[in-house]
Structure formats: C-alpha cells, structure tokens
Amino acid sequence: MYCIFDNEIIFLSLILVSGTDDVDGYAKTEGAWILSLHKRQYSTNTVAECAIKCNTESTFTCKSFMYIEKDQECWVAEANSKTEPILRRTSVAFYEKKEYLLECVNGTGTSYRGTKSKTKSGKTCQRWDAKYPHRPNITPLTNPRADLDSNFCRNPDGDSGGPWCYTTDPNTRWEHCNVPSCTVECIHCSGENYRGKISTTENGFTCQRWDSQEPHNHGYIPTALPEKYLEENYCRNPDGDPRPWCFTTSKTKRWDFCSIPRCTSEPPTIVPELTCASGEGGSYRGTISVTESGKTCQVWSAQTPHKHNRTPVNYPCKGLDSNYCRNPDNERKPWCYTTDSATRWEYCNVPSCGDAPRPDDPVIPPEEDDCYEGNGASYRGITSETISGKKCQIWTSMTPHRHSKTPQNFPNADLRRNLCRNPDGDRAPWCYTTDPQVRWEYCNLEKCSSSAPESTNPPPPSAPSTPTQTPPERDCKIGNGLSYRGPTSITVLGVTCQAWSAQSPHQHNSFTPQSHPDKGLEGNSCRNPDNDVNGPWCYTTDSSKKWDYCQIPDCAGLDCGTPVNKPKRCFGRIVGGCLSKPHSWPWQISLRTTGEVHFCGGTLIHPQWVLTAAHCLERSKRPSAYLVFLGTHTERANESSKQRRRLEKLVLGPNGADIALLKLETPALINDKVLPVCLPEKDYIVPSGTECYVTGWGETQGTGGDGTLKEAGFPVIENKICNRPSYLNGRVKDHEMCAGNIEGGTDSCQGDSGGPLVCNAQNRFVLQGVTSWGLGCANAMKPGVYARVSKFIDWIDRTIKAN
C-alpha cells in the first residue's frame, strides 16, 4: 500500500417483513416452535391448508400455527411470540397472524391486538377477567371476540379515543392507552426502527431502491442485511446516522437525509445499565468519563475541541448527558470524544456485565483446521456463516431473535461475537441468524474426520459461481445439495432410506416421484426436494424414525478459493494481525525485482495471470523488470514449493485505476500450495460489515512477524461512512472500497500493495479488493482503500481472452 500523509425458553420479538410470507396475513419464521397451553394438531397436505385450520379454529382464537412439511403436521395455537415462550426446533415453520403482531392502531383501534398494558399516564392495566380494584362492565365473557387476554389495552366498545383499559389504581377506573397510529409517519430516537414508507428526501430527491445499484453503488444490500429492513426505496437508518436517509435517484446527489417528524408518543424504554455494559453497551448509563488511555471525555453538547453531530439533539434517546461514555451510533462499545485536541475520540474501559468476554474481543483462531469433533460442543473456530450462507447473529444481541443462549447463561460455551457454537449439545455447531425469517441454522462446517474429495477437473478461476449440477465423478454435494443426484442412501444414523415411491413403513404424499418429477426421486437415494438448508435427507426404513438427514461431504478440493490448508482467518482487533499458517493463502504471490527483492504483493486469478496494483509498476513498464514468486510462505522464499516466473506482459487498468494484470511467461503449476482465488460477480458490492482478510509481507511497524506472511481480518466499511469528513473526506471513489477497524491498530501497509483483500462466501474465498492506498497505516478512522475488483471483471475477461 502506498500512503498519503495528511432447551431454550425465550420470548421472541418478531418484526414484520412485507411481501416475503408463504401465506397471506401471516409472518413466517423458520426453526421456531411455540409453547402454548392451548394448541391442536391436524394432518394437512400443505401450509395453506394449515392456515385454513387456524382461521377456522372454533375452540380458541388461533393466533399462530406451526407446519412441519416432512411430517405433514399442522399445529394451531392460541398464543404467539409476544406472549408465550419459543423453542428452537429443526424443520418447523412458525406462522403468526400479522394483526396480532402490530403495535400500532388503525382507525379507533378496535382491531388492535398488541401487548401494550399501560395507560397514557403510566398506570398499569387491570386484567380484563379481574374484579379488583374495579368491577368491569366489559369482560372476556361479555365480549368473547374482543381478545380480552391478560391486561392488554383493547377497544372492545369502539371508543373514539382508541384502545383503553381498566387500571390497577383504585382512584382511576379506566384510561386510554398510548398506542401509536399505524398511519402516522414519525420516528422515535434516531429512527433506527423506522419502518414507514416515506421515500423522498428533505431536499426533494426521490430515493433509490435499496436493492438497486443504479445510479449509486452501495453496500447496504437488503438480502445481506435483513435486520435493517431495507425495503423498496423507503427512508431508513442502517448505519447509526442521526436520522433516516436514502441514496437518491439523482446522479449528482449520492444520498440525503429524509424529513420525518418525531413521534409524540413515548419512545421505547430501556433498562439502564449503571455499572457495566452488555453487548455493544447501548444501554450503558453509568458515569465513567475517561477513555481507555486515560483522556477526559468532551461534553456531548460541546463542540470544542472537536466538532461533531453526536449531540443530545441528534441522538435524543442515547443518554448523552454530561461527558459520560456512551454508544449512540452502534459502535462496538461505549466511547466519547476527548478533550485532547490531537485525539478526536477513543473507546472507554467500561466493564462487561458478567464474566463473559465481549462479543468483539480479539479472536486468535486455533491452529487446527476449522472443523468440529463429535457434536461440536468443543468447537472454538471462527466460522460465522450458516449452511445456507446467512450471517450469524451476535450471541449477546436480541435482534432480530430474542433468546436465552447468552454468555451469562452459558459461561463455558465461548459465546463470543457471532461465532458458530453448540452451547446446548445439539448435533453440530449452529447460530441464530440475522435473517428475521430464519431463527437459526446449523453452520457451514464439516466434521474433522471427514475429508472432502479432491476435484480432478477444477472449474476455471474466472468463473467461480456455483455449478448447477454435481460433477458425476464425485459423490458430494454443492451448497445444501439441492442438485445432489449421487447414490448415497444411508442416513447419518446408518439407517437405509425408504424408496421415495414407497408408502411403507412411512406413509407420505408430500415428496414422491409423481409430485416432484424433477427432484431425482426415482430410487431411495438421499435427495433434497424441499430445499432444506441442512442438506439431503430421506424417509427411513426404521418404523420409529420417519426421516433423517444424510451425511454427504461438500464438493471441495482444488477449486478456486478453496485452499487445502485452511487459513486461520485471524479476525478481530489484534494489533498487527497474525502469522499465517504456511500455504493457507495459496493465491498470494510476491512481486519482485530481477534482484529478487520483494516490494509488492499480488493475487493469482488464473494459472497464467496475476492481479496487482498499478502503482506497483511505476518503476518500469517493461515485463523483464519483474519476477513473480508463487508457493512461498517466507519472504526469503527458500521453500521447495517455490515457483519462479518471469513476466510476458503488463496491462494497466482502465482510466488510470490502481489495478493491473501480469501475464506469466509460463502457467503456474496448480497444487496444494499454488491455487487461484475466485473472482466476484460483475459489479458485486460487498455488504457493509462483511468480514474480509488481507495478507502480505509488508511493513509490520514493530508488531512482529517480519519476513513471514501475515494476515489480518477486519470489516468492510461502506463508502458513505468512509467518505465522512472525519474519515477519508470524500476521497474514496465508486471503483474503490474501504476495510479496516475504525479505531486503527490493524491494516495493510507498505509492501502489502497489490495484494489481496478476500472475503469468504459459501466455503470459498473471493477476491474483492486489491490493496491500494491509505492515510498512513493502521491509524484511527483512516481505513485502508482497495480497488474494487467487481468493477473490473469485464476488463479482466477481455484482457485474458485477448492475450
């Protein structure tokens, strides 16, 4: 890089996602099971039939149902996730009537079925079936269809003032409740939870759709950030700004704030933490006012010595009193601006609630491969992605899924960050997901005892997308095995599979050769006809076990981006990064002078082509001036695996971009120590917060490991944030991207230039960035900048084909 110095029982809080439910009027959550005293079982063929059972239930008011497709079981229940405990369970889809989840009213609120139970003056509501302190005229018996459960606010008599309740104050018989209107557009606090439909900015610009990359590229991708509810082109606040905003459809205005009034109703309440901080410390309201290095905090309402917008006016619900340490904008822990003019801000040393480590504590990965033994209860690796590619929810977080699997409740389970773990003795490591519609999934991990078969014919590295069919010579699955057509017909427990066309010992009609003619259900081999995220399965010949999963390895081996020696993936705030495992980043090359002196890095993307930074080639435009070393781990390059190549051609990137292609005189020999990385899809934008890794032999600034390949992992930072005045002040262009720790300490540096920034997705590493430039190395609020490889895919393809 060149530098410029200037068994769980919980209460689930489910948030609605429009347009993604299987059944109209219901919100769906995969993997959840409700504990309800009043529920009934039915046998139905489809989820729609189960919904009909719920809608027509006569013995109680059905508010939710569970459907198990493989068993064709339908359970309807009187309760929903707002009032009853929820369990984590495999292969169950939980559906809740949306009308019972809304915490706002339409019209006078006669249909309100939420859980507010306090009046406008703060009095607690009396239960509707109680006779003390007030003898009610309206009861569950007199109004059986009014849903007078518990002591929740209701409007059974059509009162024009909206929902009300009898109170527990003997001197006040009843009062109206403070339930907001569903149609009023307003925000509480900084609008983090705004779900309205305003789509015009305060300056009159129309908002760009969040799922569009035109006219502005961005990393706020709805499918990757489902917890942010980036719907349509509605104003949202996904990054801790003072209020909702959006990208605009104007090419001259990248983004703009939205003008949304503040709500007059009470904001959500929090339980203040006075002596410690849980998770990211958003609820900390203690009086610590000194940073980790001992600097006194600046008063939040002051603008000297540092000007800022984290003021009590902009962040009214964040407790920005005096100069106390706080976390108003979703940072990793409480912080403050300092009274030292040379140090803008620092984190504070607020104790963590309980003895458990913070979710962001540095993670030094184990030396062994990232796999698990037994049921994975002892797994301490760094995978944080589920089998279907979903990002794991942080264990200390209660959003989007509330749960009891916390570091405090399971102190020996190592529930740090969002790392895959098995705290409750399940069959494999798992995690809650960041997708509100999928409560949990098993993780994308293999057992240590299983060895994936090697590919005899790897796909070309320039086309890393997932194949649509399993290679015939390999009995393995790709992804969740939807396309698996192999011969395996034994379950994980060693039981022979029942033929899909048979009805004995288990009767079924959901999955047969007739109902699913294109799913390969001709014999009794394991298949995945319902796209189960956990992989292929079958009905079994054991009369006591209707169905079970099959143990089929992933198709991994010498494909692009799949190193044989799995890397540590050293992620977190470890100053200077970690020493890499030998040959765990086999696409890393060393660019050298003819005197064999290392000066830049690069990435093998094809047996005969290397991608590097254009500024690495400033000393000469002659190919003969350079050498490329492959298959080395040390800068001395004395390993027997070293491959030495001269260059045939140099091709600089288009329009002066800091990217270049190097053609080797002869192709590299692809083996377990030299392997191309995968390239991204054209124009793909890495979602904000994605964990990525930089490798190189660059300047270590006294952190050790000189002469040995090092790695550092840190999150991608969206260009909108990276271009803030206090960061890189508008210097980052659309064809570039940022990554790093905001507080500094870990970064790429001189000698790393031209090297890879790779991100892991679906068990492959994809080259997303080429190390380019930065303002110093590892400085706070000055992340590294990388050429965005996805913007150059057409140029890469054209260049390779033409040469």
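Read left to right, the sequence shown gives residues -19 to -1, 1 to 784 (mature numbering (1 follows the signal peptide of the UniProt record, and there is no 0)).
Every residue gets a Cβ at the ideal spot worked out from N, C-alpha and C, and that includes glycine.
Which residue marks the beginning of the alpha helix (DSSP H) containing residue i, and which one marks its end?
{"i": "Arg745", "result": "It is not in any alpha helix (DSSP H) - Arg745 instead sits in the beta strand (DSSP E) that spans Arg745 to Gly755."}
{"i": "Glu65", "result": "Element bounds for Glu65: n/a, residue is neither H nor E."}
{"i": "Cys31", "result": "Val28 to Thr37"}
Could you check where the beta strand (DSSP E) with residue i kicks off and where it finishes?
{"i": "Cys740", "result": "Pro737 to Ala742"}
{"i": "Asp775", "result": "Here Asp775 belongs to no beta strand (DSSP E); instead the alpha helix (DSSP H) covers Ile774 to Ala783."}
{"i": "Ile702", "result": "Unbroken run through Ile702 is the alpha helix (DSSP H), Asn700 to Cys703; no beta strand (DSSP E)."}
{"i": "Ile533", "result": "Counting along the chain, Ile533 falls outside any beta strand (DSSP E), and DSSP gives it neither H nor E."}
{"i": "Leu643", "result": "Ala641 to Leu645"}
{"i": "Thr245", "result": "Looking at the DSSP string, Thr245 is not in any beta strand (DSSP E), and its letter there is neither H nor E."}
{"i": "Lys20", "result": "Lys20 to Ser24"}
{"i": "Tyr328", "result": "Trp326 to Tyr328"}
{"i": "Gly370", "result": "Gly370 -> no beta strand (DSSP E), and no H or E assigned at all."}
{"i": "His197", "result": "Taken as a continuous stretch (DSSP letters only), His197 belongs to no beta strand (DSSP E), as it is neither H nor E."}
{"i": "Ser208", "result": "One detail in the question is off: residue 208 reads as Glu in this sequence, not Ser. Looking at the DSSP string, Glu208 is not in any beta strand (DSSP E), and its letter there is neither H nor E."}
{"i": "Ile49", "result": "Ser45 to Ile49"}
{"i": "Glu422", "result": "Trp421 to Tyr423"}
{"i": "His157", "result": "Trp155 to His157"}
{"i": "Val591", "result": "Trp590 to Thr593"}
Based on Cα-Cα distance, which residue from the options lies nearest to residue i?
{"i": "Ser231", "options": "Thr182, Ser359 and Asn87", "result": "Thr182"}
{"i": "Ser259", "options": "Leu129, Ile375 and Lys500", "result": "Ile375"}
{"i": "Pro764", "options": "Thr752, Phe773 and Pro381", "result": "Thr752"}
{"i": "His614", "options": "Leu592, Ala595 and Pro548", "result": "Pro548"}
{"i": "Cys163", "options": "Arg94, Arg154 and Asn403", "result": "Arg94"}
{"i": "Gly670", "options": "Tyr265, Ala720, Gly634 and Tyr296", "result": "Ala720"}
{"i": "Pro332", "options": "Asp664, Ala693, Thr272 and Val739", "result": "Thr272"}
{"i": "Ala316", "options": "Asn619, Val739 and Glu261", "result": "Going by the sequence as given, residue 316 is Trp instead of Ala. Ranking Asn619, Val739 and Glu261 by Cα distance to Trp316 puts Glu261 first."}
{"i": "Gln53", "options": "Ala74, Glu38, Ser45 and Phe41", "result": "Ala74"}
{"i": "Gly319", "options": "Ser622, Glu312, Asn311 and Tyr305", "result": "In the sequence as displayed, the identity of residue 319 is Thr instead of Gly. The option with the nearest alpha carbon to Thr319 is Tyr305."}
{"i": "Cys85", "options": "Pro161, Arg508 and Cys55", "result": "Pro161"}
{"i": "Phe695", "options": "Thr676, Arg21 and Leu709", "result": "Thr676"}
Which one or two residues does DSSP pair with residue i in a beta bridge?
{"i": "Thr676", "result": "Glu692"}
{"i": "Arg135", "result": "Trp145"}
{"i": "Met718", "result": "Tyr767"}
{"i": "Ser571", "result": "Gly582 and Phe610"}
{"i": "Asp192", "result": "Looking at the DSSP assignment, Asp192 forms no beta bridge with any residue, so it has no partner."}
{"i": "Arg625", "result": "Phe610"}
{"i": "Arg217", "result": "Trp226"}
{"i": "Arg307", "result": "Trp316"}
{"i": "Asp237", "result": "Cys227"}
{"i": "Trp56", "result": "Gln22 and Met47"}
{"i": "Ala13", "result": "Arg69"}
{"i": "Trp411", "result": "Arg402 and Tyr423"}
{"i": "Thr477", "result": "Ile471"}
{"i": "Ile168", "result": "Arg243"}
Using the Cβ count rule (16 or more neighbours within 10 Å means buried), how would you classify residue i?
{"i": "Ala337", "result": "Low confidence applies to Ala337: its pLDDT is 49, below 50, so where it sits in the model is not reliable enough to give any reading."}
{"i": "Val165", "result": "exposed"}
{"i": "Leu(-6)", "result": "Note that Leu(-6) scores a pLDDT of 36, beneath 50, so its modelled location is shaky; the value from the coordinates is reported in the next line. Counting Cβ neighbours within 10 Å, Leu(-6) comes out buried, since at least 16 surround it."}
{"i": "Val578", "result": "exposed"}
{"i": "Pro125", "result": "exposed"}
{"i": "Leu255", "result": "exposed"}
{"i": "Ile647", "result": "A small fix is needed here, since residue 647 is Thr in this sequence, not Ile. Looking at its Cβ environment, which holds fewer than 16 other Cβ atoms inside 10 Å, Thr647 is exposed."}
{"i": "Glu503", "result": "exposed"}
{"i": "Ser482", "result": "exposed"}
{"i": "Asn784", "result": "exposed"}
{"i": "Gln749", "result": "buried"}
{"i": "Ser506", "result": "buried"}
{"i": "Asp513", "result": "buried"}
{"i": "Arg135", "result": "buried"}
{"i": "Gln189", "result": "buried"}
{"i": "Leu122", "result": "exposed"}
{"i": "Lys782", "result": "exposed"}
At least one CB of chain D closer than 9 Å to the CB of residue i: is that the case?
{"i": "Asn184", "result": "As a matter of chain content, chain D is missing from the structure shown, which is built from one protein chain."}
**Q.** Three-pair Cβ contact test at 8 Å for the stretch 61 to 69 versus the stretch 6 to 16
**A.** yes
Q: Specify whether the stretch 106 to 114 and the stretch 144 to 159 touch according to this definition: at least 3 beta carbon pairs, one from each stretch, less than 8 Å apart.
A: yes
Q: Would you check if there are 3 or more beta carbon pairs closer than 8 Å linking the stretch 318 to 329 to the stretch 472 to 481?
A: Result no; under three Cβ-Cβ pairs closer than 8 Å.
Q) Should the stretch 560 to 575 be called in touch with the stretch 487 to 497, which here means at least 3 C-beta pairs below 8 Å? A) With a cut-off of 8 Å on Cβ pairs, the stretch 560 to 575 is not in contact with the stretch 487 to 497, counting fewer than three such pairs.
(Q) Count Cβ pairs between the stretch 656 to 666 and the stretch 770 to 783 that sit closer than 8 Å; are there 3 or more? (A) yes
Q. Is there contact here, the stretch 736 to 743 with the stretch 599 to 618, by at least three beta-carbon pairs under 8 Å?
A. no
(Q) Three Cβ pairs or more, each shorter than 8 Å: is that satisfied between the stretch 202 to 210 and the stretch 229 to 246? (A) no
Q: Would you check if the stretch 400 to 410 and the stretch 365 to 382 touch, i.e. whether three or more CB-CB distances between them fall below 8 Å?
A: yes
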